[in-house]
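Offset between the sequence shown (1-based) and the numbering used here: plus 1. Ideal placement from N, C-alpha and C gives every residue a C-beta, glycine not left out. Note that the structure is predicted; figures quoted are calculated from it, not measured.
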Amino acid sequence: MPIPPPEIRGPEVTVEGDATWLTGRPGCISLVAVSGQRFQLSGSVASDNEHRARTGEQPRAQRVRVTGYVPERGASVCHLGPTFVAEQVTAVNS
């Protein structure tokens, strides 16, 4: 997926990949797209999934289809790649 310039929000897109809801740091949710690109998932939808994984309601990692966008660039403390704001997450049976 093309990454927009720092001052511009990217278009809404849907990507498929492997989400790791529980990493070594709370709030640092990883998405590795099928293309190999790495992102830090953010947004309330991603946080809700992280919480469900933490309580055992869903797997710690899973294949997902995520609809969202790359926001205007900001600093990430997670260093997982560009931020991808999730607006919708659907588990995919692999």
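Which two residues bound the contiguous alpha helix (DSSP H) that contains E88?
Run containing E88: none in the alpha helix (DSSP H); it sits in the beta strand (DSSP E), T84 to A92.
Opposite G57 in the DSSP bridges: which residues?
G57 pairs with nothing; no bridge assigned.
Own chain residues within Cβ distance below 6 Å of T68, not counting five before or after:
The answer, listed in chain order, is T15, E88 and Q89.
Could you compute how far the alpha carbon of R61 sits from the alpha carbon of G28?
In this structure, the alpha-carbon of R61 lies about 13 Å from that of G28.
Taking the beta strand (DSSP E) that E17 belongs to, which residues open and close that run?
Note, E17: beta strand (DSSP E), V14 to T21.
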